[in-house]
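Report on the structure given below.
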Amino acid sequence: MRLQDFNKETRELVVALPEGALRLTYRAKTYTARYEQAVLELEQCDQPASQLVSLLAQILVDWDVTDAEGASVAPSVEVLSELPIETVSFILKAIREDSLPNLASGELSAAG
């Protein structure tokens, strides 16, 4: 087994944003302890928001965002950089909650 084999699985998630529901697909196995630590450190310090955007771009595969003409817009660093940082943080938080085991019930989340 190769290390990259652990990072192949994707998951779908619906995130309730103030603007409406956002359906996305993310790399579930990319959410590792190292990834989580990087996100938490950036959220707790005065680092540029561009670093959070970069982390989100690493894990997002697809979403249902479209442009004014209705064409799909890929979740690239450039596109994510146009979002309010609050939205970026909210998406990362939703992915984190979906990825972690349900500690209250002792069950694993759908992602593991």
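Our numbering puts the first residue of the sequence shown at 1, with every later residue one more than the last.
All C-beta atoms in this analysis are idealised placements derived from N, C-alpha and C, irrespective of residue type, glycine included.
Only buried fits L92, as 16 or more other CB atoms lie within 10 angstroms of its CB. Counting along the chain, E12 sits inside the beta strand (DSSP E) bounded by residues 10–17. Membership of L22 in any alpha helix (DSSP H) is not indicated; the residue belongs instead to the beta strand (DSSP E) covering 20–27. Under the DSSP assignment, L52 falls in the alpha helix (DSSP H) whose first and last residues are 49–59.
Counting the other CB atoms within 10 Å of its CB gives S76 a total below 16, which places it among the exposed residues. Pairing A21 with T32, the inter-Cα distance amounts to about 26 Å. DSSP places T66 in the strand class (E or B) of the three-state scheme. Contact between L56 and L80 holds: CB atoms are separated by about 6 Å, below the 8 Å threshold.
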